[in-house]
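These notes are about the structure you will find just below.
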Amino acid sequence: MQVFDDTGCALGEGPMWHPERGELFWFDILGKTMMSKGAQRREWAFDEHVSACGWVDRETLLVASVSGLWRFDIPTGDRDLVVALEADNPLTRSNDGRADPQGGFWIGTMGLNAEPYAGAIYRYYKSELRTLFDRITISNAICFAPDGGRAYFTDTFSKQIQSVGLDSDGWPASAPEVFVDLTSEGLNPDGAVVDADGNLWNAQWGAGRVACYGPDGSFKRAVGVPASQSSCPAFGGHDATTLFVTTAAVGQDEAEGGKTFYGPAGVTGQREHQVIL
427 MQVFDDTGCA
437 LGEGPMWHPE
447 RGELFWFDIL
457 GKTMMSKGAQ
467 RREWAFDEHV
477 SACGWVDRET
487 LLVASVSGLW
497 RFDIPTGDRD
507 LVVALEADNP
517 LTRSNDGRAD
527 PQGGFWIGTM
537 GLNAEPYAGA
547 IYRYYKSELR
557 TLFDRITISN
567 AICFAPDGGR
577 AYFTDTFSKQ
587 IQSVGLDSDG
597 WPASAPEVFV
607 DLTSEGLNPD
617 GAVVDADGNL
627 WNAQWGAGRV
637 ACYGPDGSFK
647 RAVGVPASQS
657 SCPAFGGHDA
667 TTLFVTTAAV
677 GQDEAEGGKT
687 FYGPAGVTGQ
697 REHQVIL
C-alpha cells in the first residue's frame, strides 16, 4: 500500500468515501479533527472527540462525536445537533460507526480509557436512537452485508467478530453469533467493511494488516499495511476498487504510524450507504 495522506494521526479512524464528492473523509479521534481529501485537502477542528460519519447528501454529513450525532455542512463547517449520544455520561465517547443499507446509522461508544463494558452500540433511524447492544468495551467493525440482511460488529476486547440478522427495516432480528473468532491467533479486530460479494475486510490493530473473510467466516487473504496499528478500512475511488486504511501513531514511534494508506483492493466494494435524516 502507498501513502494517501501523510498526516500522522494520533488515532486515525472512520474513513468514509463520499460517492457524490469523490472525497475520502476520516478522523483523528484524539486530535479532535476531521479531514477530507479529493481534488483538494480540507481539515476541520472540533472542541470534542469526533470519530465517524455518513453522507446525507452532497453537502451534508452526519458526524458522530462525544456528545451526539450532528448534521454537518461541508462547505461552511456549520453543525447542528440531530440527537444526543450518552450526553449524560462524561466517561464515554463515540468510536466506530457506519450507515446501513436502509438509511440508518449505527454508532458505537466506549470508555475514554477503554473501561470494561462501559460502551454500547446504537442505531439512529427515522428520528429514533435505540440501544442495540450494551456492555461493550471497544466498539468496532460495524458493517453490513450487501443485501442489508445482516450486520457485523465487534467488541475488540473479546477478539470476536459478531454477526446478527436484520429485519426489513434494518433492526436486529436475532441474537448475535460469532462470525470470526481471533482468540487463538491473538489478533485484535478493529474497523471493518464488506465488499460487494459479501466478504468482510477487517483491520487488525497491532498486526499491520487488513484481513479478508468470506461470507462463511473463512479466512481468504490479508493485505499488509505499513503501520502496525491499522484501524479501519474503506472502499472508495470512482469504481469502489481502491482500499483505504487509517492507522494510529499513539504509543508508537513508527515512521509510518498515523498515516492513511491506499492501494488496489482487487475486489469491488459496496458504495457507502446514504444516511436518511
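Here the sequence shown stands for residues 427 to 703, numbered as in my numbering.
Cβ atoms here follow ideal geometry from the backbone N, Cα and C, with glycine treated the same way.
> What number of angstroms, rounded off, separates the C-alpha of Asp642 from the C-alpha of Pro501?
Replying inline: Within the sequence shown, the letter at position 216 stands for residue 642. Within the sequence shown, the letter at position 75 stands for residue 501. The C-alpha of Pro501 is placed about 42 Å away from the C-alpha of Asp642.
> Can you tell me the Cα-Cα spacing of Thr582 and Val492, whole angstroms?
Replying inline: The residue you call residue 582 lines up with position 156 of the sequence shown. The residue you call residue 492 lines up with position 66 of the sequence shown. Distance between Thr582 and Val492, taken at the CA atoms: about 19 Å.
> Going by the beta-carbon positions, is the gap between Leu669 and Val649 smaller than 8 Å?
Replying inline: The residue given as residue 669 occupies position 243 in the sequence shown. The residue given as residue 649 occupies position 223 in the sequence shown. Yes, they are a contact pair.
>> By the three-class DSSP mapping on this structure, what secondary structure does Thr582 have?
In response: Residue numbering aside, residue 582 sits at position 156 when the sequence shown is read from its first letter. Three-state DSSP puts Thr582 in a helix.
> Taking DSSP as the reference, what is the three-state secondary structure of Val508?
Replying inline: Residue 508 sits at position 82 when you count from the first residue of the sequence shown. Val508 falls in the strand class under three-state DSSP.
>> What does the Cβ neighbour count give for Gln588, buried or exposed, with the cut at 16 atoms within 10 Å?
In response: Taking the first residue of the sequence shown as position 1, residue 588 is located at position 162. It is buried - the Cβ of Gln588 has at least 16 other Cβ atoms within 10 Å.
> Skipping 5 residues on each side, what residues in its chain have a beta carbon closer than 6 Å to that of Asp560?
Replying inline: Taking the sequence shown and counting its residues from 1, one reaches residue 560 at position 134. Excluding residues within five positions, the ones whose Cβ falls inside 6 Å are Ala546.
> According to DSSP, is Tyr551 helix, strand or coil?
Replying inline: Translated into the one-based positions of the sequence shown, residue 551 becomes position 125. Three-state result, Tyr551: strand.
> Who are Ile562's beta bridge partners in DSSP?
Replying inline: The residue labelled residue 562 in the question sits at position 136 within the sequence shown. Ile562 is bridged to Gly545.
> Between Lys685 and Val590, what straight-line distance do the alpha-carbon atoms span, to the nearest angstrom?
Replying inline: Here residue 685 corresponds to residue number 259 of the sequence shown, with the count starting at 1. Here residue 590 corresponds to residue number 164 of the sequence shown, with the count starting at 1. Each residue's Cα considered, the two are about 32 Å apart.
> Based on Cα-Cα distance, which residue from Gly434, Asp432, Trp481 and Glu446 lies nearest to Gly663?
Replying inline: By 1-based counting over the sequence shown, the position of residue 663 is 237. The shortest C-alpha separation from Gly663 is found at Glu446.
> At what residues does the beta strand (DSSP E) containing Thr668 begin and finish?
Replying inline: On the sequence shown, residue 668 is found 242 positions in, with the first residue counted as 1. Thr668 to Thr673 is the span of the beta strand (DSSP E), which, as asked, contains Thr668.
>> Please report the distance separating the alpha-carbon of Ser553 from that of Asn515.
In response: As a first step, residue 553 must be located in the sequence shown, where it is residue number 127. As a first step, residue 515 must be located in the sequence shown, where it is residue number 89. Answer to the nearest angstrom: the Cα atoms are 21 Å apart.
> Looking at Pro527 and the ligand SAH, is the gap between the Cβ and the nearest heavy atom below 7 Å?
Replying inline: Absent from the structure shown: the ligand SAH. Ligands present: none.
> So, is Thr694 buried or exposed, given that buried needs 16 or more other C-beta atoms within 10 angstroms?
Replying inline: The residue given as residue 694 occupies position 268 in the sequence shown. Classification for Thr694: exposed.
>> Between the segment 536-550 and the segment 627-641, can you find at least three pairs of beta-carbon atoms closer than 8 Å?
In response: Taking a contact to require three or more Cβ pairs closer than 8 Å, the segment 627-641 and the segment 536-550 do not qualify as touching.
>> At the level of alpha carbons, what is the spacing between Leu555 and Arg549?
In response: Along the sequence shown, one-based indexing puts residue 555 at 129. Along the sequence shown, one-based indexing puts residue 549 at 123. Going from the Cα of Leu555 to the Cα of Arg549 covers about 6 Å.
>> Less than 8 Å between the C-beta atoms of Asp522 and Ala577, yes or no?
In response: Counting from 1 along the sequence shown, the entry for residue 522 is found at position 96. Counting from 1 along the sequence shown, the entry for residue 577 is found at position 151. Not closer than 8 Å, so no.
>> Quick check on the burial criterion: 16 or more other C-beta atoms within 10 angstroms. Buried or exposed for Gly503?
In response: For the purposes of this step, residue 503 is taken as residue 77 along the sequence shown, with counting starting at 1. Classification of Gly503: exposed, given that the 10 Å Cβ count is below 16.
>> Within 10 Å of its beta-carbon, does Glu474 have 16 or more other beta-carbons around it, so buried, or fewer, so exposed?
In response: Counted from its first residue, the sequence shown places residue 474 at position 48. Label assigned to Glu474: exposed.
> In terms of residue numbering, what span does the beta strand (DSSP E) encompassing Asn614 cover?
Replying inline: Here residue 614 refers to the residue found at position 188 of the sequence shown. From DSSP, the beta strand (DSSP E) with Asn614 extends over Asn614 to Val620.
>> According to DSSP, simplified to helix, strand and coil, what is Thr518?
In response: Position 92 of the sequence shown, counted from the start, is the residue given in the question as residue 518. Three-state result, Thr518: strand.
> Apart from the five residues just before and just after Ser600, which ones in its own chain have a Cβ nearer than 7 Å to its Cβ?
Replying inline: Taking the sequence shown and counting its residues from 1, one reaches residue 600 at position 174. The residues are Val590 and Gly591.
>> Spatial neighbours of Ala618 within its chain, please: C-beta separation below 8 Å, excluding the five flanking residues on both sides.
In response: As a first step, residue 618 must be located in the sequence shown, where it is residue number 192. If we look at Ala618 and ignore the five residues flanking it on each side, its Cβ neighbours are Asn566, Ala567, Ile568, Cys569, Tyr578, Thr580, Ile587, Leu626, Trp627, Asn628, Ala629, Cys658 and Pro659.
> To which residues of the same chain is Gly530 closer than 7 Å at the C-beta, ignoring the five residues directly before and after it?
Replying inline: For this step, residue 530 is matched to residue 104 along the sequence shown. Closer than 7 Å at Cβ, skipping near neighbours: Arg549, Tyr550, Tyr551 and Gly596.
> Which word fits Arg524, buried or exposed, when buried means at least 16 other C-beta atoms lie within 10 angstroms of its C-beta?
Replying inline: For the purposes of this step, residue 524 is taken as residue 98 along the sequence shown, with counting starting at 1. Buried: at least 16 other Cβ atoms inside 10 Å.
> Using DSSP with H/G/I as helix, E/B as strand and the rest coil, what is Val502?
Replying inline: Against the sequence shown, residue 502 aligns to sequence position 76. It should be noted that the sequence gives Thr, not Val, for residue 502. Here Thr502 sits in coil by DSSP.
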